[in-house]
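Read in order, the letters of the sequence shown are residues 4 to 256 in this note's numbering. Ideal Cβ placement from N, Cα and C applies to all residues, glycine included.
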Amino acid sequence: MHILRLRLRTQALALATAAPLLLALAGTGSAAAQQMPPVVTGDIPQTTLLTVSAEGEVKIAPDMAEVRSGVVTQAATAGDALAQNRTRMERAVQAITDSGIPKKDIQTSNLTLNPEYRYEDGQQPQITGYRAENQVRITMRSLEDAGRVLDALVAVGANQLSGPDFMVEDRENALNAARQDAVQKARARAELYAAAAGMSVGRIVSIVEAGASTPPPPMPMMAMRAEAADASSPVEPGEVTLTSGVTVVFELR
């Protein structure tokens, strides 16, 4: 009995002596863990990159034109408005084909029939008639025939005429010059920035094409009614501008 009590007291004394030491070690481990620097994986990149966007352009004489022409008719009934419109539009299409434009280059772009109203104060709008409109898009692949086609349309009763919009048939090949111009401008701009920063331009990391476009003309080159047409309609194609944009990432050294 005395031996058992002695052993229990000895074990309790050992635990009491070891407890502060364990707590001290635990606190030391926690502090060490907090003071340990984070582990860095991989190498920190040392490359300086420069992103430049530029737009190139090319001016070229067009070899195609697109014209929109049509007929607007008004009548007391919807049927009469459509019938009159159909008759006059058939004559207009015939005039187009007689001028040498193939059927594949004639496409209906708009066909509408709408009522026309009379408005008076305090009363419901009253239908006074109907308005029919039929418009076609004409692609002309010979600019020399453009004036003759336009005159023929007006002569047979076409009372809507707008255009021409000039185009280049081999547009993709023409855009290649604009693309080259865009890349050259991007490199020249990158060299300017690099020199200002005391560096030089290295390799190209990436090139992304931003798209190509044909800027619209500031205003339609022709828009007339039949009563305003001259005996001849001169058409001057001039030049069209094609543009292409790029975004280039350069490596600087």
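Measure the alpha-carbon distance for A198 versus A177 and round it to whole angstroms.
Distance between the alpha carbons of A198 and A177 is about 33 Å.
Going by C-alpha distance, which of P240, G205, L245 is nearest F253?
The option with the nearest alpha carbon to F253 is G205.
If you compare alpha carbons, which of A84, R91, S56 is closest to A158?
Of the listed residues, the one whose Cα sits closest to A158 is R91.
Can you tell me which of the three DSSP states T100 falls into?
Here T100 sits in helix by DSSP.
When you compare each of V211, A193, E242, D173 to L52 by their alpha carbons, which one comes out closest?
Answer by Cα proximity: A193.
Ordered along the chain, which non-local residues of its own chain (more than five positions away) have a Cβ less than 8 Å from that of V96?
For V96, where only same-chain residues beyond five positions count, the Cβ hits under 8 Å are I109, V139.
Are the beta-carbon atoms belonging to A155 and S112 less than 8 Å from one another?
No, they are not a contact pair.
Which of the three DSSP states, helix, strand or coil, is assigned to E212?
Reduced to three states, the DSSP call for E212 is strand.
Let me know if S72 comes out buried or exposed under the rule of 16 or more other beta-carbons within 10 Å of its beta-carbon.
Buried, since its Cβ has 16 or more Cβ neighbours within 10 Å.
If you check the beta carbons only, do V171 and P65 fall under 8 Å apart?
The answer is yes: Cβ separation under 8 Å.
Express the C-alpha separation of V251 and G214 in angstroms, rounding to a whole number.
The alpha-carbon atoms of G214 and V251 are separated by roughly 13 Å.
To the nearest angstrom, how far is the alpha carbon of Q126 from that of E119?
Cα-Cα distance, rounded: 16 Å.
Which residue wins for smallest C-alpha separation from R134, given the options K107, A86, A181, I207?
Considering only alpha carbons, the answer is A86.
Exposed or buried, D124, counting other C-beta atoms within 10 Å across all chains shown (16 or more means buried)?
Flag for D124 reads exposed.
Report the start-end ranges of each beta strand (DSSP E) in the segment 47 to 87 that is 3 residues or longer and not cut off at the edges.
Complete beta strand (DSSP E) runs here, min 3: 51 to 63, 67 to 78.
Would you grab the beta carbon distance between A181 and L245 for me? Rounded to a whole angstrom, and I think it's under 8 Å.
Contact flag correct, Cβ pair sits at about 5 Å.
Going by the DSSP bridge assignment, what does D148 pair with across the sheet?
The partner list for D148 (beta bridge, DSSP) is empty, contrary to what the question assumes.
Taking only the alpha-carbon atoms, compute the straight-line gap between I104 and N137 and give it to the nearest angstrom.
Rounded to whole angstroms, I104 to N137 spans 18 Å at the Cα level.
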